[in-house]
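Following: one structure in structure tokens, then a few remarks.
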Amino acid sequence: MSTEQLKVYRLAVCLFPDVTPLDYQGPIELLGGFSTANQARWGHLYKNLPKCTIDPEYLSHTHEPVKPMTGPAVVPTMTYAEALERKDGKEFDIILIPGGPSPNPGLADPSLMDGSWLLAGTGLLTGKRATTNKSMYRMIVEDTKEFNVTWVP
């Protein structure tokens, strides 16, 4: 199947200083294999690939490299402002918010260490499907009942 026939899912990876690298690198390692570029390059070698591709964008407040808690800095491909100003009408299908210290302690309860928990508290996940850190899953589901989020284990 050619990549032109595949559904393309847009993935936003939200970066901030001291982000926990494994929280985005692990999923990207898995999902990156389904990128449009990788499927075009290697898809002919596999029999049972999904009928979709996943194309990630790395977002931050600026295009300056973002230094995670450990490891090399990551250069964002897009700013949050650029994502909001897109004229093509394409929204992100998946938003990956890794954990780590709060990027802006004034905006977050310091006891919350999970990005999806913080996002649910803003109401932005109302009516959406979301997942979260498995060690905190039950606590997050209980704490966000009022926001009508469909939490996926």
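Going left to right, the sequence shown walks through residues 28 to 180 as the working numbering numbers them.
Ideal Cβ placement from N, Cα and C applies to all residues, glycine included.
Reduced DSSP category for residue i - H, G, I as helix; E, B as strand; rest coil
i	result
Lys172	helix
Arg165	helix
Ile55	helix
Asp50	helix
Leu38	strand
Arg156	strand
Glu112	coil
Tyr107	helix
Leu72	helix
Leu86	strand
Leu151	coil
Leu123	strand
Thr63	helix
Exposure of residue i, with buried meaning 16 or more beta-carbon neighbours within 10 Å
i	result
Ala157	buried
Asp162	Note that residue 162 is Ser in the sequence shown, not Asp. Its Cβ having fewer than 16 others within 10 Å, Ser162 is exposed.
Leu111	exposed
Gly127	buried
Gln66	buried
Gly133	Low local confidence applies: a pLDDT of 47 at Gly133 is under 50, so the model's placement there is unreliable, with the coordinate-based value given in what follows. Exposed is the call here.
Ala108	exposed
Leu146	buried
Min CB distance residue i to chain C below 8 Å
i	result
Gly126	As a matter of chain content, chain C is missing from the structure shown, which is built from one protein chain.
Sub-8 Å separation of residue i and residue j beta-carbons
i	j	result
Pro95	Val101	yes
Trp144	Thr177	no
Tyr51	Ile121	no
Ser87	Leu49	no
Tyr73	Thr104	no
Pro125	Gly142	yes
Phe61	Pro77	yes
Leu152	Phe119	no
Val168	Val93	no
Whole-number beta carbon distance between residue j and residue i, since they are thought to touch under 8 Å
i	j	result
Leu123	Ala64	That pair is no contact at about 18 Å.
Cys79	Lys34	4 Å
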